[in-house]
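In my numbering, the protein residues as written are 181 to 334.
This is the structure:
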């Protein structure tokens, strides 16, 4: 974490809304389907942990259990892997105001996608405080714009 304004990120946040815009048109990403759920947590000591998954029941094999059983199909488990994103590592926030700035996740220490370990992810952020709660908007992307809104839990 860097800068006093970065304290606006500290806490645990739940997915509130996700928008993917390509060529000016909101679009559904096939591996997320009609929606996602998950959480992200920023510690005061500079660590980020996030876990996201599709909430589209049409994409998810709902018969799986953990730990996996021998009678469960690898192809069903592959669907879980394709519709899930989780990673953790240090983060560096560079505030431009008390409630806005950029944040870099990484280099990632761990990820459910092994090739992502060591990579970095850059986002722009805005924290919005309303009567309904505090929200964090993370915006990223080059070919398309992805906007992920989170609601503060603590």
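Note that CB positions come from ideal geometry on N, CA and C, so glycine has one too.
- If you draw a 10 Å sphere on the C-beta of residue 305, you find 16 or more other C-beta atoms in it, and that means buried.
- Within the same chain, 213, 214, 215, 216 and 217 come within 8 Å of residue 235 by CB-CB distance, once the 5 residues on both sides are set aside.
- For residue 238, there is no enclosing alpha helix (DSSP H), as DSSP marks it with neither H nor E.
- Excluding the 5 residues flanking it on each side, residue 198 has same chain C-beta neighbours closer than 8 Å at 212, 215, 216, 326, 327, 328 and 329, in chain order.
- Nearest C-alpha to residue 257 among 205, 241 and 272: 241.
- For residue 292, the number of other beta carbons within 10 angstroms of its own is below 16, and it is reported as exposed.
- Between residue 302 and residue 285, the alpha-carbon positions lie close to 6 Å from each other.
- Around the Cβ of residue 205, a 10 Å sphere holds fewer than 16 other Cβ atoms; the residue is exposed.
- As a beta-bridge residue in DSSP terms, residue 283 pairs with 273 and 303.
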